[in-house]
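**Q**
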Amino acid sequence: MMSNMSGLAGLDSYNRTMAIIFGSVEMGSSVIGMILNIICLPYFLLGNRSICHVLYSLIVIDDIIICMMCIPSAVSMLKGIEPAWLGHPLLCSLQGFILDTANKISLFLISVLSVSRTVSICWPFHVQRLRHILAAVALYFSLYLFRASTPFIFG
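If you count the sequence shown from 1, position 112 lands on 111 in numbering that gives the first Met the number 0, and the numbers rise without skipping.
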């Protein structure tokens, strides 16, 4: 019966209110997060090419992607929990896939930054190579994309 109703009309008043509150908070957080990360990005991109600056640049870019991918679900909540707000379930699935991938990459980048700091503290004279760290990030990203896309490729 609820499938015939679209938008907020199909929800009771409590769920309607919660959907609007969650959608508003998610939209506000996403917009503020995107703006602040875009403001921070030039500092890390134009700074020196140290491991920390490069990793922070990647983290900021990843955070911008995460904030952008949260906007569709915020719009969906504001419209009354319409899962395929873009008009096509495939686009909704793609948005979920990108958001999940960006979240996993974010965790990995933060872990790499943490390990890099630990190595710097424990062995201050050990030279860490940026190309080794970027190779590890690229390898993780490639392996994650392969694993995550396997259901799409092989059914």
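For glycine and all other residues, C-beta sits at the position ideal for the given N, C-alpha and C.
1) Rounded to the nearest angstrom, what separates residue 124 and residue 139 at their Cα positions?
2) Please classify residue 24 as buried or exposed, where buried requires at least 16 neighbouring CB atoms within 10 angstroms.
3) Where residue 12 and residue 76 are concerned, what is the direct C-alpha to C-alpha distance, given to the nearest angstrom?
4) Going by the beta-carbon positions, is the gap between residue 100 and residue 144 smaller than 8 angstroms?
5) Restricting to Cα atoms, I'd like to know which of 55, 96, 127 and 49 is closest to residue 69.
6) Quick one: give me the first and last residue of the alpha helix (DSSP H) that residue 36 is part of.
7) So, residue 63 versus residue 33, is the Cβ gap smaller than 8 angstroms?
8) Near residue 40, what residues of its chain come up, given a Cβ to Cβ distance below 8 angstroms and the 5 sequence neighbours on each side ignored?
9) Apart from the five residues just before and just after residue 94, which ones in its own chain have a Cβ nearer than 7 angstroms to its Cβ?
10) Out of 14, 127, 151 and 112, state which residue places its alpha-carbon closest to the alpha-carbon of residue 51.
11) Indicate the three-state DSSP secondary structure (helix, strand or coil) for residue 1 in the structure shown.
12) Less than 8 angstroms between the CB atoms is what I'm expecting for residue 115 and residue 54, so what's the real figure, rounded?
13) Counting C-beta neighbours from all protein chains within 10 Å, is the total for residue 28 16 or more, i.e. buried, or is it exposed?
14) Does any heavy atom of the ligand ATP sit closer than 7 angstroms to the C-beta of residue 107?
15) Taking a contact to mean a Cβ-Cβ separation below 8 angstroms, would you say residue 66 touches residue 102 in this structure?
16) Could you check whether residue 118 and residue 127 sit closer than 8 angstroms to each other, using their CB atoms as the reference points?
**A** The structure says:
1) Cα to Cα, residue 124 sits roughly 27 angstroms from residue 139.
2) exposed
3) 14 angstroms
4) yes
5) 96
6) 12-45
7) Closer than 8 angstroms, so yes.
8) So the qualifying residues of the chain are 56, 59, 60 and 63.
9) 68 and 71
10) 112
11) Reliability fails at residue 1, whose pLDDT of 44 lies under 50, so the model's placement of it is uncertain and no value is given.
12) 7 angstroms
13) Residue 28 counts as exposed, since fewer than 16 other C-beta atoms from the protein chains shown sit within 10 angstroms of its C-beta.
14) Looking at this structure, you won't find the ligand ATP or any other ligand, since it has none at all.
15) no
16) Yes; because the gap between Cβ atoms is below 8 angstroms, this pair is in contact.
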